[in-house]
Amino acid sequence: MKKLFAVALGMVLAASAVSAHQASYFLPQVPNPDQMVIDGKSDDWGWIDPAFAITPDNLFEILGSPWPPAKDDWDVVLYVAWSSRPDNALYYFARVTDDSLGLFVENAQEYWKDDSVEIIIDADHTSENFNETEMVSGQQYGIRIKPAAGQQDTWIFNVPQESILWSTREPYMIYSWTVDPANAEPLKQPAGSTVTYTYEVKQKIWDFHDKVGASGSVEHVFAPDQIIGLTFQFDETENPEVGREKQPGTTPVNGAFQDNSNGSDFLAVPTEGASGGTAVESNSWGRI
Ligand SMILES: [Ca+2]
Ligand SMILES: [Ca+2]
Ligand SMILES: [Ca+2]
Ligand SMILES: [Ca+2]
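Numbering (this note's numbering), first residue to last: 46 to 333.
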């Protein structure tokens, strides 16, 4: 039965390949949203089949550096999931191992220049140039650890009006990060050592994202078999004079920041034991 379902899923993916964008990944379902704790720790992700973990082997580096890099230069494991109503949210967790903490900018609009993650969401998969519409039809979020004093650790890029940041704050977006060792500082790491940092997020996503608040916006409702326009792009920086050296992400091309036809797709699949779910055998890998 499980095998049959997996075969059927494969056929669905093949049939929809014409509408797929630059790459496709599975988006498993959180079985018990009440048990998820957004604390930057992964102990609440034990339910996820390791086959859904996204690692450097499943990512594309678009700045031209050799890929995958040495594990002690840059490494990641990324989990991404959805939950059904009433929780109805996107969840993700990433753990990065890095030999050089690159946190130099103070202006949140420039977080992409530092060690950070960009999350580009086109919830209803409409794919138009959402930079031109100032992110109403798709949004480019950026998150990082250790923001400068007084700065948010979450952001939406490329829109001057800070009113748009409403969806980067609770209750719409909940974000926690950790760093180990806790006293790690840029340019001061002992040679040969690594620092590990994590990002964990739960956020609502939007079919229409108003620039001033939730009341004029349309919340996306997740369901099995949906294709969500969703792109993760990590930024890897070591030295402020060299700047960003790697941009590993889920798309092999640049330009997802403004149009999801340059980005990746995530296919929402039900998880065994989740409410309303049907078993799916994840016998392949993170990237379809
Ligand atoms: Ca957690
Ligand atoms: Ca590095
Ligand atoms: Ca859209
Ligand atoms: Ca770095």
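Note that the Cβ used here is the ideal one computed from N, Cα and C, for glycine as well.
Residue i versus residue j - alpha carbon distance
i, j, result
"S212", "E283", "30 Å"
"E106", "D255", "32 Å"
"V28", "I250", "Since the first and last residues shown for the chain are 46 and 333, residue 28 lies out of range."
"I164", "N299", "14 Å"
"V121", "P293", "10 Å"
"G91", "A313", "19 Å"
"L49", "D270", "Annotation note: pLDDT 36 at L49 (below 50); position unreliable, coordinate value reported separately. Going by the C-alpha atoms only, they are around 16 Å apart."
"E151", "M180", "23 Å"
"E317", "F138", "20 Å"
"I93", "V287", "37 Å"
"P101", "S128", "25 Å"
"P78", "W200", "25 Å"
"Q234", "P114", "19 Å"
"N133", "A236", "44 Å"
"L335", "G261", "Residue 335 is absent from the structure shown; the chain starts at 46 and stops at 333."
"P226", "L146", "11 Å"
"K247", "I219", "5 Å"
"G183", "T241", "30 Å"
"T276", "A301", "7 Å"
"T243", "L210", "22 Å"
"W112", "I99", "15 Å"
"A268", "Q74", "9 Å"
Cβ neighbours of residue i in the same chain (closer than 6 Å, five flanking residues each side left out)
i, result
"D144", "D117, D118 and T239"
"V257", "S208"
"Q278", "E163, Q292 and G294"
"P285", "F149"
"V204", "E179 and M180"
"V57", "Bear in mind that the predicted position of V57 carries a pLDDT of just 44, short of 50, making it too unreliable to give a figure here."
Cβ-based burial, residue i [other Cβ within 10 Å; buried from 16]
i, result
"M46", "Model confidence at M46 stands at a pLDDT of 34, short of 50, so the residue's coordinates are unreliable; what they give is reported in the following sentence. Exposed, by the Cβ-count rule."
"N305", "buried"
"R130", "exposed"
"L135", "buried"
"R140", "buried"
"V266", "exposed"
"A319", "buried"
"S309", "buried"
"E245", "buried"
"A96", "exposed"
"D167", "buried"
"P76", "buried"
"L148", "buried"
"A60", "Because the pLDDT at A60 is just 39, under 50, the model does not fix this residue reliably, and the value given afterwards should be weighed accordingly. Under this definition A60 is an exposed residue."
"Q80", "exposed"
"A68", "buried"
Among the options, nearest to residue i - alpha-carbon criterion
i, options, result
"G109", "R289, G318 and L135", "R289"
"Q196", "K291, E155 and V224", "E155"
"A223", "Y70, S69 and G85", "For clarity, residue 223 is Thr in the given sequence; the question names Ala instead. Per the Cα distances, G85."
"Y217", "A259, Q303 and N174", "A259"
"T29", "A194, A229 and R214", "Shown here, the chain extends from 46 to 333; a query on residue 29 therefore has no answer."
"S87", "Y70, W157 and S221", "S221"
Contacting residues, own chain, Cβ-Cβ under 7 Å from residue i (five flanking each side not counted)
i, result
"V82", "D89"
"S161", "G187, I188, R189 and D280"
"L72", "V125, A126, W127, I273, F311, L312, A313 and V314"
"Q206", "K256"
"L104", "P293, G294 and T295"
"D252", "A168, D169, V263 and H265"
"D159", "G147, L148, F149, V150, R189, D280 and T282"
In DSSP terms, what residue i is bridged to
i, result
"S221", "E245"
"F279", "V162"
"L72", "A313"
"F138", "Y124 and E245"
"E179", "Per DSSP, none; premise fails for E179."
"W251", "E264"
"F149", "None; F149 has no bridge partner."
"W40", "Because the chain here runs from 46 to 333, residue 40 falls outside it and cannot be looked at."
"R21", "The question about residue 21 has no answer, for the chain in this structure spans 46 to 333."
"F105", "G294"
"Y186", "I164 and I201"
"W119", "D143"
Cut-off 8 Å between Cβ atoms - residues of its own chain near residue i, not counting five sequence neighbours on either side
i, result
"H66", "S172, G274, T296, N305, S306, N307, G308, S309 and D310"
"A153", "G187, P192, Q196, Q197 and W200"
"G55", "Summary for G55: the model assigns pLDDT 44, below 50, so the residue's position carries little reliability, and this model does not support an answer."
query: Near ligand 5, which residues have their beta-carbon less than 5 Å from any of its heavy atoms, given in chain order?
result: Ligand 5 is absent from the structure shown, which contains only ligand 1, ligand 2, ligand 3 and ligand 4.
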